[in-house]
Amino acid sequence: MGDWKTITVPVLSPDSQNIFPYTSERRTSPTSMNSQVLRLSLPSSKSMHSFFSAFCTEENIEQSISYIDRELTTMGFPSIYAESKGKELDLVSMVNCMNELLVLQHKNLRAQEEIEIQHLKLGSDMDHLQNCYTKLKEQLELSKREIVGLQERDRQLQSKNRNLHQLLKNEKDEVQKLQNVISSRATQYNHDMKRKEREYNKLKERLHQLVMNKKDKKLAMEVLNCVGRADGKRGAWRTDKTEARNEEEMYKVLLSDYEQRQKQLLLENTELKKVLQQMKKDIISLLPPQKQKPKERSEDGLVLSDQEEDIGELNKENMWELSCETVREQLTNSIRKQWRMLKNHVEKLDNQVSRGHSGALNEKDVISREDHELETGKLELEIQQCKEMIRTQQQLLQQQLTCDDDTTLLLQDCYLLEERERLQEEWRLFREQKKNFEKERKSFTEAAIRLGLERKAFEEDRGAWLKHQFLSMTADCKSENVKTPSAFLRSNGLQFNWCVSLLGSDPDIRLVRSASRQRRPPSSLSATVSPEPCQISQYITQNSVASEKPAADYMPNLWVESDDKEETE
Amino acid sequence: SCVQHRLVVRDASSLQILQLYSCVDQIQYIEWSSDSLFILCAMYKRGIVQVWSLEQPEWHCKIDEGSAGLVASCWSPDGRHILNTTEFHLRITVWSLCTKSVSYIKYPKACQQGVAFTKDGRYMAVAERRDCKDFISIFVCRNWQLLRHFDTETQDLFGIEWAPNGCVLAAWDTCLEYKVLLYSLDGRLLSSYRAYEWPLGIKSIAWSPSSQFLAIGSFDEKVRILNHVTWKKITELEHPAIIASKKTIVYKEVEKSPTLGTERLSFPPTRALASSLFSTQSKYDICQVPVSLHYIKPVADRANPKVGVGMLAFSADNCFLATKNDNIPNAVWIWDIRKMKLAVVLEQLCTIQCFQWDPCQPRLAVCTGGSRVYLWSPAGCVVVKVPGEGDFQIMALSWHPSGDSMLLLSKDHFCVCYLEREEV
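Protein sequences appear in the order of chains G and E.
Under this note's numbering, the first residue of the first sequence is numbered 1, with each subsequent residue one higher.
Under this note's numbering, the first residue of the second sequence is numbered 1001, with each subsequent residue one higher.
In structure tokens:
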């Protein structure tokens, strides 16, 4: 048997379609077959033909047919020989076999195509991947190089940083050293200076001694005549008393300076405290909206009540102890509290405004802003009024501060002032009236004096006339001894008065008269004036007099001026 | 005024010569006594002080220090004692004109302001140095008795000054050490202030007239103000070269040469024309901020460098403070003390020589060595030229105590500038 050698024929030229992907070569003893088969490896159409013809020649038909049959049977095809054991070919089976072989060939070709396509695809994929791979490799290389470069730079920078740190440290050390050097040099210089100064002092001392020794005997100072002291006093000896006085004066000067400064500081303090108080009140007055919602914020209510308490307390305290530590703290703390509240309030308002700005057209907001503006206007007015009130109050308080330190007295004083002013007005009117009354009374008294004189004259005449009559009447009766004409007159006057009163007293007359007073005739009016100088002891305005008294009753002068007035007019 | 060895006394309003006195030598220093009755003339070379009386021209007094020499001389506040400082500051001799007696104060300190009198003339503080330590002695001027003697914690006391209220004494150290010590009248140390340690320290100090503030000008171009209640710094006023604040007014002196029409030239030129040709007028212009001022970089290796705030003065009504920064030598800085802010800067064309406040009003007079004096007040500022031919280089100026006139001094001339009062 020959060795079967399978030779796979590689890709053959495209023009030869009928290619056997492989041929199984039968290595027979005839080497010519082999060489022929070997020659088959060179694909060419000619060779194909020669191959076709080389395999089966007229001599070896039987062999070749039996060979083919064996191959076919090994491949699974039915034998091409007829059933019988003759060497007759079964054509049908041979055709079938050939068809099968053709189909197989087609299949194989298709498979090959597919495989080739796949192969191509794979090849291109591979190329692509290779390209990617190379690119990535390049990129990797690049980034590696970059990394290396950056690392290098980082290293360099770090080293630079370290160098700079080192330099800085060196500089600092140098600076420190220089400072040390400076200080050491300074101390050295000081030391040297001191040494030189000591030498210098020694020289000076020596020189001084020499100078003092060598002092000129002549007067170092010649003055024509001594001048009096500027303040005219004589010079004082140096004693302990004068020393003590010097000290005293010095301390007095210092003390007065300190006192002055303290006064200034106190004034400043009070001013500032007043300003703080005012500010506090302003702040409180600016925070009314929060007062309206006491339920919502209970702490506000508490704070407000605290505030009011504080105000009350501080107003009282302000007047008494102005520099008390606790009062000061209270004041500043309360102001801080209120300022914070005001700030919060303003911030809230700001937020509201900003929300109103940024939000959509919300009517509610717009209205509330208008309302808010109105309210702020109202609040401002309120603030102004309050400020004015506070200012006036402050002024009054300041005035009060200078004289008295008591609030109640202050208040009372305010009222008293008003009252006093009113009273002063009334006093003024009063005095005017009094003056007027005085004037009138003077005129009246003058008139009355005149009237009195006239009346006296008249009375005298009447008296004379009555006397005449009397005498004529009582001519036969014994006439009494007449002492003096005046006494006679007087007694007569008395009697006459009595007579007259007996004759008819005018009930309208409401006067009390003295003995020397003389009456007018009843027909004339009543007011009589004593010839003695008027001594007005009292006068009662529009008072009714002690009622009419009988003529025998001699009382001191009592005037009823209004009546006089009425009656004399 | 004194000329060589003659003393000339003039009337202040008319400049008429009232008296003429002759001294034995060239006069270096003259001073009026506090009651304006006497004048002392000090001749340092001869060591002689001569005193003249205005009331009695024949009265004379001569004080001879002899070989002790004379370095400084001044009146005591009562006008009857003369304090002479001998050479090398060996001692201070107190000569009494009333009793012809002498007292000595030993070991006085040789420093810029070693003797300070209180404003009311009651006390005198003297800086002393014994055994390399600084001391201050306070004397009662009435009887020259020692009241207090205490040591100070300074390295090298540079100056002392009483506060105007007479109750606080400020003592400060040399510029190598920034230290201000405040002592009360009875010698207690009230407070000490030190702003920094190593750089150069205090250059100038001024009290405010109400004794409320103490202004300290230092070499770092800043003024620090301490308040009298806590003696702590309330503010630092800086003097930068560029002014950027909008609220500061900057007046700049601007020179303009007068323009002449050519047809007005005549030959030979009249005197007035000549002077006006060569004289330049200057006026103030208001500059818009930011303004950068002319700045001089100081020389680094010299002693007493021209750096820092060298001149400080408060106005009489306590409202303004005028300062000069030596780095920026052409400018006067005027600070509003009520707001502690820079109110005005006056920039001149030349270096400021001297400025002084009017004793009555907030008015500042500045001179720069030229022939013009500059006046500033809150209402505005004005340039006044000294009339006359030639250059009158004003080196110093001094106000009359009533604020109505001003003395302008040049090297060898002086003139009086009268200011008109506004008709109210």
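The C-beta atom is built at its ideal place from N, Cα and C for all residues, glycine as well.
Here the structure is a predicted model, which means the values were calculated and not measured.
I'd like to confirm the pairing. Which residues does DSSP put opposite residue i in its beta bridges?
i	result
His1149(E)	Ser1137(E)
Arg145(G)	Answer by DSSP bridge pairing: none, since Arg145(G) is not bridged.
Val1366(E)	Phe1355(E), Tyr1374(E)
Phe1117(E)	Met1124(E)
Thr1085(E)	Ala1072(E), Ile1092(E)
Tyr1418(E)	Ser1405(E)
Tyr1029(E)	Ala1042(E)
Thr964(E)	There is simply no residue 964(E) to check, as chain E begins at 1001 and stops at 1424 in what is shown.
His1060(E)	Trp1052(E)
Which same chain residues, not among the five before or five after residue i, have their C-beta less than 8 Å away from its C-beta?
i	result
Lys1045(E)	Asp1025, Gln1026, Gln1028
Pro533(G)	For Pro533(G), the predicted structure reports a pLDDT of 37, less than 50, and the residue's modelled location is therefore unreliable. A value from the coordinates is still provided. Result list for Pro533(G): empty, nothing under 8 Å.
Thr1235(E)	Arg1224, Ile1225, Met1340
Does chain E have any CB closer than 8 Å to the CB of residue i?
i	result
Glu248(G)	no
Glu440(G)	no
Asn436(G)	no
Ile182(G)	yes
Thr242(G)	yes
Asn190(G)	yes
Glu418(G)	no
Lys273(G)	no
Leu207(G)	yes
Val253(G)	yes
Lys202(G)	no
Lys281(G)	no
Lys194(G)	yes
Glu432(G)	no
Arg185(G)	no
Asp257(G)	yes
Val211(G)	yes
Glu141(G)	no
Pull up the CB-CB distance for residue i and residue j, whole angstroms please, since I reckon it's below 8 Å.
i	j	result
Ile1092(E)	Pro1108(E)	5 Å
Glu1238(E)	Lys1252(E)	Contact doesn't hold; Cβ gap of about 20 Å is too wide.
Ile1427(E)	Val1345(E)	Residue numbering for chain E in the displayed model covers 1001 to 1424; residue 1427(E) lies beyond these limits and cannot be assessed.
Phe1150(E)	Phe1135(E)	7 Å
Ile599(G)	Met389(G)	Residue 599(G) is absent from the structure shown; chain G starts at 1 and stops at 569.
Trp1162(E)	Ala1110(E)	In fact, because the Cβ distance is near 20 Å, the residues do not count as touching under 8 Å.
Gly1217(E)	Gly1308(E)	7 Å
Leu1007(E)	Trp1075(E)	Not a contact, Cβ separation roughly 15 Å.
Cys1350(E)	Gly1369(E)	6 Å
Gly1327(E)	Ile1296(E)	Looking at the sequence shown, residue 1327(E) is not Gly but Asn. Going by Cβ atoms, the distance from Asn1327(E) to Ile1296(E) rounds to 6 Å, so yes, they are a contact pair.
His372(G)	Leu287(G)	In fact, because the Cβ distance is near 14 Å, the residues do not count as touching under 8 Å.
Tyr1199(E)	Phe1219(E)	With the sequence shown as reference, residue 1199(E) is identified as Pro, and Tyr is not the correct amino acid for it. At roughly 7 Å, the Cβ-Cβ gap stays under 8 Å, so Pro1199(E) and Phe1219(E) are in contact.
Excluding the five sequence neighbours on either side, which residues of its own chain have a C-beta within less than 6 Å of the C-beta of residue i, listed in chain order?
i	result
Ser1208(E)	Phe1314, Asn1318
Gln1050(E)	Cys1023, Cys1041, Lys1062
Thr1085(E)	Val1071, Ala1072, Ile1092
Report all residues from its chain with a CB closer than 7 Å to the CB of residue i; omit the five preceding and five following residues, and keep chain order.
i	result
Pro1401(E)	Pro1359
Ser1184(E)	Cys1167, Val1168, Leu1190
Glu426(G)	none
Asn1165(E)	Ser1211
Cys56(G)	Ser64
Thr1174(E)	Gln1155, Asp1156, Phe1158
Between residue i and chain G, is the shortest Cβ-Cβ distance under 8 Å, so that the two count as touching?
i	result
Leu1090(E)	yes
Ser1073(E)	no
Asp1391(E)	no
Check: Closer than 7 Å, Cβ to any Cβ of chain G: which residues of the stretch 1164 to 1191 of chain E, in chain order?
Finding: If the cut-off is 7 Å between Cβ atoms, the stretch 1164 to 1191 of chain E has Asn1165, Gly1166, Cys1167, Ser1184, Leu1185, Asp1186 near chain G.
Check: Given a limit of 7 Å on CB to CB distance, which residues of the stretch 1131 to 1154 of chain E reach chain G?
Finding: Taking a C-beta cut-off of 7 Å against chain G, the contacting residues of the stretch 1131 to 1154 of chain E are Cys1132, Val1140, Asn1143, Gln1145, Leu1147, listed in chain order.
Notebook entry, point to check: Residues in the stretch 152 to 179 of chain G with C-beta within 7 Å of chain E's C-beta atoms, listed in sequence order?
Noted result: Answer in chain order: no residues at all.
Next item on the list: Taking only beta carbons into account, state which residues of the stretch 1191 to 1202 of chain E come closer than 7 Å to chain G, listed in chain order.
Entry: Legend: CB atoms of the stretch 1191 to 1202 of chain E lying less than 7 Å from CB atoms of chain G belong to residues Trp1198.
Notebook entry, point to check: According to a CB-to-CB cut-off of less than 8 Å, which residues of the stretch 1056 to 1080 of chain E neighbour chain G?
Noted result: Within the stretch 1056 to 1080 of chain E, the residues whose Cβ lies closer than 8 Å to some Cβ of chain G are Glu1058, Trp1059, His1060, Cys1061, Lys1062, Ile1063, Asp1064, Glu1065, Gly1066, Ser1067, Ala1068, Asp1078, Gly1079, Arg1080, listed in chain order.
Margin query: Short of 8 Å Cβ to Cβ, which residues in the stretch 323 to 336 of chain G face chain E?
Written below: Within the stretch 323 to 336 of chain G, not one residue has a Cβ closer than 8 Å to any Cβ of chain E.
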